[in-house]
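Novice: Just so we're aligned, residue 625 is where the sequence shown starts under my numbering, counting upward by one.
Starting off with a structure, shown below.
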Amino acid sequence: MNKKARLGKGLGALLVGVDKVAAQSDGELRHLPVATIRAGRYQVRTNMDETALTELADSIRTHGVVQPIVVRETTAGDYEIIAGERRWRAAQMAGLGVIPSVVRRVADEIALAVGLIENIQRENLNPIEEANGLRRLLDEFGLTHQQVADSIGRSRAAVSNLLRLLNLDPAVRAHLENGRLEAGHARAILSLPREQQLAAADTVIQQRLSVRQTEQLVRRYLSGTRKKKRKPASRDADLRQLEEELSQRLAATVSLEHRGQGGRVVIEYNSLDELEGILGRLRK
Numbered sequence: 625m626n627k628k629a630r631l632g633k634g635l636g637a638l639l640v641g642v643d644k645v646a647a648q649s650d651g652e653l654r655h656l657p658v659a660t661i662r663a664g665r666y667q668v669r670t671n672m673d674e675t676a677l678t679e680l681a682d683s684i685r686t687h688g689v690v691q692p693i694v695v696r697e698t699t700a701g702d703y704e705i706i707a708g709e710r711r712w713r714a715a716q717m718a719g720l721g722v723i724p725s726v727v728r729r730v731a732d733e734i735a736l737a738v739g740l741i742e743n744i745q746r747e748n749l750n751p752i753e754e755a756n757g758l759r760r761l762l763d764e765f766g767l768t769h770q771q772v773a774d775s776i777g778r779s780r781a782a783v784s785n786l787l788r789l790l791n792l793d794p795a796v797r798a799h800l801e802n803g804r805l806e807a808g809h810a811r812a813i814l815s816l817p818r819e820q821q822l823a824a825a826d827t828v829i830q831q832r833l834s835v836r837q838t839e840q841l842v843r844r845y846l847s848g849t850r851k852k853k854r855k856p857a858s859r860d861a862d863l864r865q866l867e868e869e870l871s872q873r874l875a876a877t878v879s880l881e882h883r884g885q886g887g888r889v890v891i892e893y894n895s896l897d898e899l900e901g902i903l904g905r906l907r908k
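Below, the structure is given as structure tokens:
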């Protein structure tokens, strides 16, 4: 909670966008030795595409580094990357001795926020990497879905849809991370109970189904599930809308089980860190 309090006025800078943050007058453009720079602690990407890095290195050999990286000076006298790790790594591959860098004096919290936003906006992240970055902005800064959407130039609905992908079965998330599934497939599979998601995903991959075909497959699964459980053909529309609103507000899958005049609320989570984030949003 202290991080959120310390962020203070820096939140305004966070929300103006990475380009404006990097261009503010307190940033000093220098050509720094590549060897004095180290990777940042706030990288969202878990996998660097070696082919893409090689292509970027080839471009840098020909044209140089067109967009400066953003760094901050450390107490040890070297520099930590806030934004632009791929350019830095490609510059190393290209054999550059120095790299254009905007040096900024920023607190840890702002470095985290700018690093996350820069990676989400500029880098070709897979949907799970992107969703994890969005969740960090929500949990570590206490931002709303709308504030996160504004900070990365997306709609609130797009942010909510990405966050919902974190509720997938872990094996299905892995398929999404390695590119065997697309986000459209994953969103359709999310409609299934957790215990059916992997089987559906495997069918999609093996049969190379389109998103529309995946939606049809999911409907068949759900139809069979309803028959087995003898559920009514449709649920109350107001109840479904309330589930969706709660799911968006908590960034988690929420289901309502209504019986007579009562019922229960079920909130799904995948880790203790995720549970802590949900509890934080409930306390607001």
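A virtual CB, placed ideally from N, CA and C, is assigned to each residue, including glycine.
Taking its Cβ as the centre, do 16 or more other Cβ atoms sit within 10 Å of residue 897, making it buried, or is it exposed?
Specialist: Exposed: under 16 other Cβ atoms inside 10 Å.
Novice: According to DSSP, simplified to helix, strand and coil, what is residue 820?
Specialist: Helix at residue 820.
Novice: Any idea if residue 751 is buried or exposed, counting beta-carbon neighbours within 10 angstroms, 16 or more meaning buried?
Specialist: Buried, by the Cβ-count rule.
Novice: Counting only the same chain and skipping the five closest in sequence on each side, list residues whose C-beta sits under 8 Å from that of residue 702.
Specialist: Counting only Cβ-Cβ distances below 8 Å, and skipping sequence neighbours, we find 660, 661, 662.
Novice: Would you kindly work out how many angstroms separate the C-alpha atoms of residue 757 and residue 835, rounded to a whole number?
Specialist: Answer to the nearest angstrom: the Cα atoms are 25 Å apart.
Novice: Would you please state the rounded distance, in angstroms, between the beta carbons of residue 669 and residue 743? I believe it to be under 8 Å.
Specialist: So it is a contact: roughly 6 Å between Cβ atoms.
Novice: Whole angstroms is fine: what's the gap from residue 704's alpha carbon to residue 771's?
Specialist: Computed Cα separation, rounded: 26 Å.
Novice: If residue 741 sits next to residue 775, beta carbons under 8 Å apart, how far is it from one beta carbon to the other, in whole angstroms?
Specialist: Residue 741 to residue 775, Cβ: 5 Å. Contact.
Novice: Once DSSP output is grouped into helix, strand and coil, what is the label at residue 742?
Specialist: Helix.
Novice: My understanding is that residue 723 touches residue 656, with C-beta atoms under 8 Å, so please give their C-beta distance in whole angstroms.
Specialist: Confirmed, about 6 Å.
Novice: Tell me which residue opens and which closes the alpha helix (DSSP H) that residue 794 is part of.
Specialist: First-last of the alpha helix (DSSP H) with residue 794: 794-801.
Novice: So, using beta-carbon positions, are residue 754 and residue 786 closer together than 7 Å?
Specialist: Yes.
Novice: Name the DSSP bridge partner or partners of residue 887?
Specialist: Partner(s): 882.
Novice: For a quick check, are the C-beta atoms of residue 799 and residue 823 less than 7 Å apart?
Specialist: Not closer than 7 Å, so no.
Novice: Go ahead and pull the three-state DSSP assignment for residue 856.
Specialist: Low local confidence applies: a pLDDT of 49 at residue 856 is under 50, so the model's placement there is unreliable, and no value is given.
Novice: Taking the Cβ atom as the reference point for each residue, do residue 793 and residue 831 lie within a distance shorter than 7 Å?
Specialist: No, the pair does not count as a contact, with Cβ atoms beyond the cut-off.
Novice: Under three-state DSSP, which class holds residue 864?
Specialist: If DSSP states are grouped into helix, strand and coil, residue 864 belongs with the helices.
Novice: For residue 718, report the span of its alpha helix (DSSP H) as first-last.
Specialist: That residue, residue 718, is in no alpha helix (DSSP H); it is neither H nor E in DSSP.
Novice: Identify which residue in 665, 689, 866, 878 has its Cα closest to the Cα of residue 698.
Specialist: The candidate whose alpha carbon is nearest that of residue 698 is 665.
Novice: By DSSP's criteria, residue 724 is part of a beta bridge. Which residues make up the other side?
Specialist: According to DSSP, which records beta bridges pairwise, residue 724 is partnered with 655.
Novice: Measure the CB-CB distance between residue 684 and residue 731 and report whether it falls below 7 Å.
Specialist: Against a cut-off of 7 Å, the Cβ pair of residue 731 and residue 684 comes out as no contact.
Novice: Can you tell me which of 667, 846, 816 puts its alpha carbon nearest to the alpha carbon of residue 710?
Specialist: For the residues 667, 846, 816, the minimum Cα distance to residue 710 belongs to 667.
Novice: Three-state secondary structure (DSSP) at residue 806?
Specialist: In this structure, residue 806 counts as coil in the three-state DSSP scheme.
Novice: Give me the Cα-Cα distance between residue 653 and residue 720, rounded to the nearest whole angstrom.
Specialist: If I take the Cα positions, the gap works out to 17 Å.
Novice: Let me make sure I understand the geometry here. Which of 880, 717, 814, 676 has the alpha-carbon closest to that of residue 843?
Specialist: Ranking the options by Cα distance to residue 843, first place goes to 814.
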